[in-house]
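Residue numbers (my numbering): 173 to 375.
All residues carry an ideal CB built from backbone N, CA and C; glycine is no exception.
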(Lines of atoms letter the chains of each structure in order from A; the text may use other names.)
(Lines give C-alpha, C1' and ligand atoms only; values in the text may rest on other atoms or scores of the structure.)
Protein backbone atom coordinates (compact mmCIF):
# COMPACT_ATOMS: atom_id res chain seq x y z
CA UNK A 173 0.00 0.00 0.00
CA UNK A 174 1.52 3.34 -1.00
CA UNK A 175 0.56 6.97 -1.33
CA UNK A 176 -0.27 8.06 -4.87
CA UNK A 177 -0.62 11.82 -5.15
CA UNK A 178 -4.34 12.51 -4.75
CA UNK A 179 -5.29 9.09 -3.46
CA UNK A 180 -4.21 5.78 -2.11
CA UNK A 181 -2.76 3.13 -4.41
CA UNK A 182 -3.61 -0.32 -3.11
CA UNK A 183 -1.72 -3.27 -4.53
CA UNK A 184 -1.37 -7.00 -3.92
CA UNK A 185 -4.25 -7.63 -1.54
CA UNK A 186 -5.14 -11.24 -0.67
CA UNK A 187 -7.19 -13.00 -3.33
CA UNK A 188 -10.90 -13.32 -2.66
CA UNK A 189 -12.01 -15.19 -5.77
CA UNK A 190 -14.94 -13.94 -7.82
CA UNK A 191 -17.13 -12.52 -5.04
CA UNK A 192 -19.16 -9.65 -6.44
CA UNK A 193 -19.56 -7.61 -3.27
CA UNK A 194 -23.32 -7.29 -3.79
CA UNK A 195 -23.88 -6.22 -0.19
CA UNK A 196 -21.25 -3.50 -0.53
CA UNK A 197 -22.78 -2.38 -3.83
CA UNK A 198 -26.26 -2.08 -2.33
CA UNK A 199 -24.98 -0.18 0.71
CA UNK A 200 -23.17 2.31 -1.52
CA UNK A 201 -26.20 2.63 -3.81
CA UNK A 202 -28.44 3.37 -0.81
CA UNK A 203 -25.94 5.97 0.43
CA UNK A 204 -25.52 7.71 -2.95
CA UNK A 205 -27.70 6.45 -5.85
CA UNK A 206 -26.44 9.11 -8.28
CA UNK A 207 -22.84 8.02 -7.74
CA UNK A 208 -23.67 4.40 -8.58
CA UNK A 209 -25.96 4.96 -11.56
CA UNK A 210 -27.72 1.57 -11.37
CA UNK A 211 -29.51 -0.52 -8.78
CA UNK A 212 -27.60 -3.69 -9.75
CA UNK A 213 -23.97 -4.40 -10.71
CA UNK A 214 -23.14 -4.72 -14.42
CA UNK A 215 -23.73 -8.12 -15.96
CA UNK A 216 -21.12 -10.53 -17.38
CA UNK A 217 -22.69 -9.98 -20.83
CA UNK A 218 -21.96 -6.26 -20.67
CA UNK A 219 -18.48 -6.95 -19.34
CA UNK A 220 -17.68 -9.21 -22.29
CA UNK A 221 -18.84 -6.54 -24.74
CA UNK A 222 -16.61 -3.94 -23.12
CA UNK A 223 -13.61 -6.29 -22.96
CA UNK A 224 -13.97 -6.97 -26.71
CA UNK A 225 -13.67 -3.23 -27.43
CA UNK A 226 -10.35 -2.71 -25.64
CA UNK A 227 -7.55 -1.08 -27.65
CA UNK A 228 -4.09 -1.60 -26.19
CA UNK A 229 -0.62 -2.25 -27.57
CA UNK A 230 2.89 -2.68 -26.21
CA UNK A 231 3.24 -1.38 -22.69
CA UNK A 232 -0.05 0.55 -22.73
CA UNK A 233 -2.47 0.10 -19.86
CA UNK A 234 -6.25 -0.02 -19.58
CA UNK A 235 -7.79 2.38 -17.06
CA UNK A 236 -11.22 1.74 -15.57
CA UNK A 237 -12.87 4.75 -13.97
CA UNK A 238 -15.53 4.17 -11.34
CA UNK A 239 -14.94 0.44 -10.94
CA UNK A 240 -17.47 -0.09 -8.15
CA UNK A 241 -17.34 -3.67 -6.88
CA UNK A 242 -15.41 -4.93 -9.91
CA UNK A 243 -17.89 -6.56 -12.31
CA UNK A 244 -16.27 -4.94 -15.34
CA UNK A 245 -12.79 -5.37 -13.84
CA UNK A 246 -13.39 -9.12 -13.69
CA UNK A 247 -14.54 -9.17 -17.32
CA UNK A 248 -11.46 -7.22 -18.46
CA UNK A 249 -9.16 -9.73 -16.79
CA UNK A 250 -11.13 -12.67 -18.16
CA UNK A 251 -11.00 -11.00 -21.58
CA UNK A 252 -7.21 -11.03 -21.61
CA UNK A 253 -6.05 -7.77 -20.05
CA UNK A 254 -3.02 -8.71 -17.89
CA UNK A 255 -3.45 -7.65 -14.25
CA UNK A 256 -0.28 -5.59 -14.38
CA UNK A 257 -1.71 -3.65 -17.35
CA UNK A 258 -4.98 -2.77 -15.62
CA UNK A 259 -5.47 0.30 -13.44
CA UNK A 260 -8.78 0.95 -11.70
CA UNK A 261 -9.75 4.28 -10.19
CA UNK A 262 -12.42 4.33 -7.49
CA UNK A 263 -13.25 7.33 -5.32
CA UNK A 264 -15.11 5.47 -2.55
CA UNK A 265 -12.57 4.20 0.01
CA UNK A 266 -14.33 0.98 1.03
CA UNK A 267 -14.88 0.03 -2.61
CA UNK A 268 -11.23 0.73 -3.43
CA UNK A 269 -10.19 -1.54 -0.57
CA UNK A 270 -12.61 -4.24 -1.78
CA UNK A 271 -11.14 -4.05 -5.29
CA UNK A 272 -7.57 -4.31 -4.00
CA UNK A 273 -8.47 -7.45 -2.03
CA UNK A 274 -10.44 -9.01 -4.87
CA UNK A 275 -7.93 -8.39 -7.69
CA UNK A 276 -4.32 -8.98 -6.63
CA UNK A 277 -1.87 -7.69 -9.22
CA UNK A 278 -4.22 -4.93 -10.42
CA UNK A 279 -3.28 -1.39 -9.43
CA UNK A 280 -6.18 0.17 -7.56
CA UNK A 281 -6.10 3.92 -7.08
CA UNK A 282 -8.43 5.56 -4.61
CA UNK A 283 -8.87 8.88 -6.34
CA UNK A 284 -11.01 11.22 -8.40
CA UNK A 285 -11.64 10.37 -12.06
CA UNK A 286 -12.24 14.08 -12.67
CA UNK A 287 -8.66 14.82 -11.58
CA UNK A 288 -6.79 12.08 -13.43
CA UNK A 289 -3.53 14.01 -13.96
CA UNK A 290 -3.17 14.14 -10.18
CA UNK A 291 -4.67 10.72 -9.41
CA UNK A 292 -2.55 8.68 -11.84
CA UNK A 293 1.23 8.37 -11.59
CA UNK A 294 3.00 10.55 -14.17
CA UNK A 295 4.60 7.43 -15.66
CA UNK A 296 1.16 6.36 -16.95
CA UNK A 297 0.38 9.64 -18.70
CA UNK A 298 0.35 9.01 -22.45
CA UNK A 299 0.47 5.23 -21.94
CA UNK A 300 -3.26 4.58 -21.72
CA UNK A 301 -4.66 2.50 -24.56
CA UNK A 302 -8.28 2.56 -23.43
CA UNK A 303 -10.10 4.40 -20.67
CA UNK A 304 -13.44 2.93 -19.58
CA UNK A 305 -15.99 4.99 -17.68
CA UNK A 306 -18.62 3.51 -15.39
CA UNK A 307 -19.59 6.87 -13.89
CA UNK A 308 -23.15 8.04 -14.71
CA UNK A 309 -22.00 11.15 -16.59
CA UNK A 310 -25.48 11.66 -18.04
CA UNK A 311 -26.62 12.86 -14.61
CA UNK A 312 -23.99 15.59 -14.40
CA UNK A 313 -24.15 19.19 -15.66
CA UNK A 314 -22.34 20.10 -18.85
CA UNK A 315 -19.42 21.76 -17.06
CA UNK A 316 -18.74 18.62 -15.06
CA UNK A 317 -18.88 16.57 -18.25
CA UNK A 318 -16.37 18.96 -19.83
CA UNK A 319 -14.12 18.52 -16.80
CA UNK A 320 -14.21 14.76 -17.21
CA UNK A 321 -13.39 14.91 -20.93
CA UNK A 322 -10.47 17.23 -20.21
CA UNK A 323 -9.17 14.94 -17.46
CA UNK A 324 -9.13 11.92 -19.78
CA UNK A 325 -7.56 13.89 -22.61
CA UNK A 326 -4.80 15.09 -20.29
CA UNK A 327 -3.60 11.55 -19.55
CA UNK A 328 -4.67 9.77 -22.77
CA UNK A 329 -4.37 12.37 -25.54
CA UNK A 330 -6.34 11.46 -28.66
CA UNK A 331 -7.54 8.12 -27.30
CA UNK A 332 -10.98 9.11 -26.05
CA UNK A 333 -12.91 6.77 -23.77
CA UNK A 334 -15.58 4.08 -23.61
CA UNK A 335 -18.72 4.85 -21.62
CA UNK A 336 -21.28 2.21 -20.73
CA UNK A 337 -24.75 3.49 -20.10
CA UNK A 338 -28.39 2.53 -19.70
CA UNK A 339 -29.57 5.31 -22.02
CA UNK A 340 -31.04 4.40 -25.40
CA UNK A 341 -29.39 7.38 -27.10
CA UNK A 342 -26.02 8.99 -26.45
CA UNK A 343 -25.78 9.89 -22.74
CA UNK A 344 -23.49 12.81 -23.56
CA UNK A 345 -24.22 15.91 -25.67
CA UNK A 346 -21.21 15.04 -27.80
CA UNK A 347 -21.39 17.99 -30.17
CA UNK A 348 -21.47 20.47 -27.27
CA UNK A 349 -18.47 18.66 -25.76
CA UNK A 350 -16.51 18.74 -29.02
CA UNK A 351 -16.57 14.94 -29.35
CA UNK A 352 -17.34 12.30 -31.93
CA UNK A 353 -19.67 9.55 -30.75
CA UNK A 354 -20.25 5.98 -31.84
CA UNK A 355 -22.34 3.30 -30.19
CA UNK A 356 -20.07 0.25 -30.28
CA UNK A 357 -22.25 -2.31 -28.51
CA UNK A 358 -25.66 -2.98 -27.04
CA UNK A 359 -26.67 -5.83 -24.80
CA UNK A 360 -30.29 -6.61 -23.87
CA UNK A 361 -28.97 -9.24 -21.44
CA UNK A 362 -27.89 -6.59 -18.96
CA UNK A 363 -30.43 -5.37 -16.40
CA UNK A 364 -31.32 -2.75 -17.45
CA UNK A 365 -30.21 -3.15 -21.11
CA UNK A 366 -26.96 -1.28 -21.70
CA UNK A 367 -25.02 0.36 -24.50
CA UNK A 368 -21.31 1.05 -24.88
CA UNK A 369 -20.32 4.31 -26.54
CA UNK A 370 -16.90 5.38 -27.75
CA UNK A 371 -16.14 9.10 -27.60
CA UNK A 372 -13.11 10.91 -29.01
CA UNK A 373 -12.26 14.57 -29.44
CA UNK A 374 -13.53 15.82 -32.77
CA UNK A 375 -11.00 16.94 -35.33
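> Taking C-alpha atoms, which residue in 264, 275 and 346 lies nearest to residue 257?
Replying inline: Measuring from the Cα of residue 257, the nearest candidate turns out to be 275.
> Cβ atoms of residue 218 and residue 239: under 7 Å apart, would you say?
Replying inline: No, Cβ-Cβ distance for residue 239 and residue 218 is not below 7 Å.
>> Suppose the cutoff is 6 Å on Cβ atoms and the five residues either side in sequence are ignored; what does the same chain contact list for residue 354 look like?
In response: Counting only residues of its own chain and dropping the five nearest sequence neighbours on each side, residue 354 has a CB closer than 6 Å to the CB of 370.
> Counting only beta-carbon atoms, is residue 345 nearer than 7 Å to chain C?
Replying inline: Absent here is chain C; the protein component of the structure consists of one chain.
> Three or more C-beta pairs closer than 8 Å, one from the segment 239 to 256 and one from the segment 285 to 295: is that the case here?
Replying inline: These segments do not touch.
> Secondary structure at residue 328, three-state DSSP: helix, strand or coil?
Replying inline: Residue state, collapsed to three classes: coil.
> By Cβ distance, which residues of its chain are closer than 6 Å to residue 399, with the 5 residues on each side in sequence left out?
Replying inline: With the chain covering only 173 through 375, there is no way to say anything about residue 399.
> What are the partner residues of residue 227, as DSSP defines its beta bridges?
Replying inline: Looking at the DSSP assignment, residue 227 forms no beta bridge with any residue, so it has no partner.
> Does the beta-carbon distance from residue 349 to residue 368 come in below 7 Å?
Replying inline: No; because the gap between Cβ atoms is not below 7 Å, this pair is not in contact.
>> Using only the alpha-carbon positions, how far apart do residue 352 and residue 346 sit?
In response: Rounded to whole angstroms, the separation of the alpha carbons of residue 346 and residue 352 is 6 Å.
>> I need the DSSP call for residue 353, collapsed to helix, strand or coil.
In response: In the displayed model, residue 353 falls within a strand according to three-state DSSP.
> What is the DSSP secondary structure of residue 369, counted as helix, strand or coil?
Replying inline: In the structure shown, residue 369 sits in a strand (DSSP, three-state: E or B).
> Nearest CA to the CA of residue 234: which residue from 292, 263 and 317?
Replying inline: Selected option, being the one with the closest Cα: 292.
> What distance in whole Å lies between the Cβ atoms of residue 228 and residue 341, which are believed to be in contact at a cut-off of 8 Å?
Replying inline: Rounded to whole angstroms, the Cβ separation of residue 341 and residue 228 is 28 Å, and the two are not in contact under 8 Å.
>> Taking the straight line between their C-alpha atoms, what separation do you get for residue 358 and residue 294?
In response: The straight-line gap from Cα to Cα measures roughly 34 Å.
> Can you tell me the Cα-Cα spacing of residue 336 and residue 307, whole angstroms?
Replying inline: Rounded to the nearest angstrom, the two C-alpha atoms are 8 Å apart.
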